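K.L.:
Dumping the structure here so I can ask a few things about it.
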Amino acid sequence: MKKVLVHCTDNDKTVEAEILNYRQGHFLECSINTVKVRMPFMKATNGNQYVGNMAGYEFVTKEIDIGD
6 MKKVLVHCTD NDKTVEAEIL NYRQGHFLEC SINTVKVRMP FMKATNGNQY
56 VGNMAGYEFV TKEIDIGD
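Just so it is clear: in the sequence shown, position 2 is 7 by our numbering, and no numbers are missing.
Right, here's the structure in full:
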């Protein structure tokens, strides 16, 4: 299964997550420690990214970090 690095903006930690479902420019669905997180695509001036929330924490990953 493909993996992606996901950064938690609340505690400044980066974790590896398994990609469950991915549609470029739309959403990324991944598993962080067996918990599914859906991350919609967000356009930003500092780079396009996927942003999602789990258990009160915000997770982000840049579009460029995701392999085919």
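The beta carbon of each residue, even a glycine, is placed where N, CA and C say it ideally should be. For clarity, every value in this text was computed on a predicted model and none was experimentally measured.
(1) Name the two residues that bound the continuous beta strand (DSSP E) containing LYS8.
(2) Quick one, are the C-beta atoms of GLY57 and PHE64 less than 8 Å apart?
(3) Excluding sequence positions up to five away, which residues of its chain have a Cβ less than 6 Å from the Cβ of ASN53?
(4) Considering only the beta carbon of each residue, do THR50 and VAL11 sit closer than 8 Å?
(5) Going by the beta-carbon positions, is the gap between ASP13 and ILE24 smaller than 8 Å?
P.N.:
On the basis of the supplied data:
(1) 8 to 13
(2) yes
(3) GLU68
(4) no
(5) Here residue 13 is Cys; the residue named in the question, Asp, does not match the sequence. No, Cβ-Cβ distance for CYS13 and ILE24 is not below 8 Å.
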